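S.K.: Heads up: the sequence lines are chains A and B, in that order.
Its first residue numbered 1, the first sequence is counted upward by one per residue in the numbering used here.
Its first residue numbered 1, the second sequence is counted upward by one per residue in the numbering used here.
Note that beta-carbon positions come from the ideal geometry of N, C-alpha and C, so glycine has one too.
Computed from a predicted model, the values in this text were never measured in an experiment.
Here it is, the structure, as structure tokens.
Number of protein chains: 2
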Amino acid sequence: MDAAEVDPVRAGRPGTLSVVPQTDPTAAVPTSAFDAATAVSRGDGGGLTAVLDPGWDVGGGVLNGGYLLSVAARAAVLESPHPHPVALSASYLRAAAAGPAELTVSPGPAGRTLAHSSVVLADASGPAVTVQATTATLGAGAPDFSSPMPAASPVEECFSIAENAHLAPARVTVPGLTLRVDSRIDPLTAGWALGQPADEPVIRAWMRFADGRDPDPLALVTFADALPPTSWALGRFGWAPTVQLQVLVRALPAPGWCLVEARASEITGGWIDEDYRIWDSTGRLVAQSRQLARAPRGA
Amino acid sequence: MDAAEVDPVRAGRPGTLSVVPQTDPTAAVPTSAFDAATAVSRGDGGGLTAVLDPGWDVGGGVLNGGYLLSVAARAAVLESPHPHPVALSASYLRAAAAGPAELTVSPGPAGRTLAHSSVVLADASGPAVTVQATTATLGAGAPDFSSPMPAASPVEECFSIAENAHLAPARVTVPGLTLRVDSRIDPLTAGWALGQPADEPVIRAWMRFADGRDPDPLALVTFADALPPTSWALGRFGWAPTVQLQVLVRALPAPGWCLVEARASEITGGWIDEDYRIWDSTGRLVAQSRQLARAPRGA
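Dropping the structure here:
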């Protein structure tokens, strides 16, 4: 495939990116791949269900933790008086299988400012992800204090993971996630992809959905776990399964590209942390996350 | 009180600090204030209970969130095959009252590497804190990568909160926490205490228990929420109740002082985040935390 054919920036036609399959081509109103894949329905008995989409994997058929958390967040919001997830903490008990899933929301205290709940996402084999959710109503006000966006190379000079999948180490399968979340890695943190690992576990990328759907709080929850493990920056490839992930959504993001920066503070004893900060296209900090994951073995 | 009389660094007698009441003066083996205040017992029916100590408050009788999380972590460890809390995510549903509390631990998947569980801490009025806990066994190995400790003023040049409580704004009550956790704030981040607020919401301090008990993973959980809100650095005083707090313990800390740095990334719409990193006396990163809290009003 010619890279120029699938580059939404150069083509200026982000909605027509042909590598993203239409999840529901018969729908009267076009639905973004993300909204379709995270849809939560209420059954006749009142219970909430979803159909986990195998296309949001991180390789080897394992569904992305941020994607699963977005599904749980949608369930939390459905059962809350508030529209936005502002704090989510998830424990990943085991890999969730693609296909039908049940979402059980247990409401906690709720008030004018915020509401607490817990959410259990279960597949046919039982609970896979447990989530503590805090929902609230994010406003449009300017921040009193906000960390400025770091310097980053322009999008058009960045390294597209999807377009360069052929460069991946042989043992790494190309994740479906990289076809749905368009990540453009700052060349200053992309040396690992070209055989030149760095000294610091940092990866910085522009990010948006490949089909052009604009970011919102639910999207930020997926973005907050959508980069490769930062151990890859050191040339240590391999899967880094998430153990616990906390995502904070701080503001409603503006349309367009987000800048996502992930950084590890310590890699030791088979464990790694991943610390994300996300700024929207206006340069405002809109989300943060931190996770503890198992560190990839391998060189 | 003469500051020199209660300064364990100058006095070299950290175990005899007279401002810390002995929690159990009749005990044959001296028990640290922290171990006594976080003790968890198993009742005849097998349930776990604790007695929340009113002395670990942050002002106005409100118990410190890190202290409550240490109690929950102790319960999680008691019911786990692993001895150390490595990831804890807590939702603070409402202020917990001092006095008897019940701890209900629901075990999740457990294996050779880690174990999951959830813990509910309830006082007489019902659930106050819900926690997702991951326990594991931390080793003694050197890290593959670790963020270096930032430069900080020597302990003896730092600003003791306990010794300078008389400088606090009239509306701020002196927290019991500051008598039990000895915090020495780097003068470079202590301007707010002397009427000279800074431009950045950062507070950095040396920290250890006032009675000289050395740090361990359970102690780090309390340290990870023991500094004043970083909004105070900007001169915005007032209480910042924690909504959700995640603590990661990354290594077994060496004896002695820890360096604790707290930083807010965004203050907006009545919300603030607090991002902690903790290094031990050898300069190794041993813990991280992030919380979402309500931002103090007031000037």
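Taking the alpha carbon of I272(A) as the point to measure from, which residue in G126(A), V243(A), A140(A), F145(A) has its own alpha carbon closest?
M.R.: It is V243(A).
S.K.: Short of 9 Å Cβ to Cβ, which residues in the stretch 270-288 of chain A face chain B?
M.R.: The residues in question are G270, W271, I272, D273, D275, R277, R284, L285, V286, Q288.
S.K.: Determine, using beta carbons only, whether T268(A) comes closer than 8 Å to chain B.
M.R.: Judged by the 8 Å Cβ criterion, T268(A) is in contact with chain B.
S.K.: Indicate the three-state DSSP secondary structure (helix, strand or coil) for P328(B) in the structure shown.
M.R.: Nothing about residue 328(B) can be reported from this structure: the residues present for chain B run from 1 to 299 only.
S.K.: Counting only beta-carbon atoms, is D144(B) nearer than 8 Å to chain A?
M.R.: Yes, D144(B) lies at the interface with chain A (some Cβ there is under 8 Å from its Cβ).
S.K.: With a 10 Å radius around its C-beta and 16 neighbouring C-beta atoms as the bar for buried, classify A3(A) as buried or exposed.
M.R.: At A3(A) the pLDDT is 34, less than 50, meaning the model places this residue with poor confidence and gives no usable figure here.
S.K.: Take the Cβ of R10(A) as the centre, count every other Cβ of all protein chains shown within 10 Å, and call the residue buried at 16 or more, exposed below.
M.R.: Interpretation of R10(A) is limited by its pLDDT of 33, a score under 50 that renders its predicted location unreliable; no figure is taken from the coordinates.
S.K.: Anything in chain A within Cβ reach of P83(B), meaning under 9 Å, just list it in chain order.
M.R.: The premise fails here: P83(B) is roughly 14 Å from chain A at the closest Cβ pair, so nothing lies under 9 Å.
S.K.: By alpha-carbon positions, which one of W257(B), P241(B), V249(B) ends up nearest to S302(B)?
M.R.: A query on residue 302(B) cannot be resolved here, the shown segment of chain B reaching from 1 to 299 and no further.
S.K.: So is G46(B) buried or exposed if we call it buried at 16+ other beta carbons inside 10 Å?
M.R.: Exposed is the call here.
S.K.: Could you give the uninterrupted runs of the beta strand (DSSP E) lying entirely in the stretch 254-296 of chain B, keeping only those of 3 residues or more?
M.R.: With a minimum length of 3 residues, the continuous beta strand (DSSP E) runs that stay inside the stretch 254-296 of chain B are 258-263, 266-268, 271-279, 285-294.
S.K.: Verify whether the separation of the beta carbon atoms of T49(A) and L103(A) is less than 8 Å.
M.R.: Yes, these two residues count as a Cβ contact at 8 Å.
S.K.: Go ahead and pull the three-state DSSP assignment for E79(A).
M.R.: In the structure shown, E79(A) sits in coil (DSSP, three-state: anything other than H, G, I, E or B).
S.K.: Output the distance between the C-alpha atoms of G65(A) and E157(A), rounded to the nearest integer angstrom.
M.R.: About 29 Å.
S.K.: Assuming D123(B) is part of the beta strand (DSSP E), what are its boundary residues?
M.R.: Its beta strand (DSSP E) spans residues 114-123.
S.K.: Please classify A62(B): does DSSP put it in a helix, a strand, or coil?
M.R.: Checking the sequence, you will find Val at residue 62(B) rather than Ala. V62(B) falls in the coil class under three-state DSSP.
S.K.: What are the boundary residues of the beta strand (DSSP E) that A90(A) is part of?
M.R.: Counting along the chain, the beta strand (DSSP E) containing A90(A) begins and ends at 84-92.
S.K.: Quick one: Cα of A224(B) to Cα of Y92(A), how far?
M.R.: Using only the alpha carbons, I get a separation of about 23 Å.
S.K.: Taking DSSP as the reference, what is the three-state secondary structure of Q22(A)?
M.R.: Since pLDDT at Q22(A) reaches only 46, below the 50 mark, its modelled position is unreliable, and the value read off the structure follows with that caveat. Coil, per DSSP.
S.K.: Please work out which residues of its chain come closer than 7 Å, Cβ to Cβ, to H166(B), disregarding the five sequence neighbours upstream and downstream, and give them in chain order.
M.R.: No residues qualify anywhere along the chain.
S.K.: Scan the stretch 190-204 of chain A for residues whose Cβ lies nearer than 7 Å to a Cβ of chain B and list them as they occur along the chain.
M.R.: Within the stretch 190-204 of chain A, the qualifying residues are P201.
S.K.: Are the CB atoms of W279(A) and L259(A) nearer to each other than 8 Å?
M.R.: Cβ distance < 8 Å, so W279(A) and L259(A) count as in contact.
S.K.: For P215(B), collect the residues of the same chain with a Cβ closer than 6 Å to its Cβ; drop the 5 residues on either side in sequence, then sort them by chain order.
M.R.: Contacts found: P253, C258.
S.K.: Mind listing the chain B neighbours of V86(A)? Cutoff is C-beta to C-beta under 9 Å, in chain order.
M.R.: Going along chain B in sequence order, the residues near V86(A) (Cβ under 9 Å) are V243, Q244, W271, L292.
S.K.: In whole angstroms, give me the CA-to-CA distance for Q22(B) and L179(B).
M.R.: Its pLDDT being 46, under 50, Q22(B) is placed unreliably by the model, and the measurement read from it follows with that caveat. Roughly 12 Å between the two C-alpha positions.
S.K.: Give the secondary structure of T137(B) by DSSP, where H, G and I count as helix, E and B as strand, and everything else as coil.
M.R.: Coil, per DSSP.
S.K.: Given this structure, state the Cα-to-Cα distance separating P109(B) from P127(A), to the nearest angstrom.
M.R.: Computed Cα separation, rounded: 10 Å.
S.K.: Considering only C-alpha positions, which residue in the set P150(A), R213(A), A293(A), P241(A) is nearest to F34(A)?
M.R.: The shortest Cα separation from F34(A) among P150(A), R213(A), A293(A), P241(A) belongs to R213(A).
S.K.: Does the stretch 232-246 of chain A come close enough to the stretch 198-205 of chain A to have 3 or more Cβ pairs within less than 8 Å?
M.R.: Because the criterion of three Cβ pairs below 8 Å is met, the stretch 232-246 of chain A and the stretch 198-205 of chain A touch.
S.K.: Tell me whether F209(A) sits in a helix, a strand or coil according to DSSP, three-state version.
M.R.: Strand.
S.K.: Whole angstroms is fine: what's the gap from L88(A)'s alpha carbon to L188(B)'s?
M.R.: So the alpha carbons of these two residues sit roughly 34 Å apart.
S.K.: What's the call for G176(B), buried or exposed, on a 16-neighbour Cβ count within 10 Å?
M.R.: Counting Cβ neighbours within 10 Å, G176(B) comes out buried, since at least 16 surround it.
S.K.: Closest by CA to D57(B), which one among M207(B), T282(B), V181(B)?
M.R.: It is V181(B).
S.K.: Leaving aside the five residues before and after A90(B) along the sequence, list all residues of the same chain whose C-beta is less than 6 Å from its C-beta, in chain order.
M.R.: Cβ within range, chain order: L69, V129, V131, L245.
S.K.: According to the Cβ coordinates, are G99(B) and L52(B) closer than 8 Å?
M.R.: Cβ atoms of G99(B) and L52(B): closer than 8 Å.
S.K.: Which class does L103(A) belong to by DSSP, given the choice of helix, strand or coil?
M.R.: DSSP places L103(A) in strand when its eight states are reduced to three.
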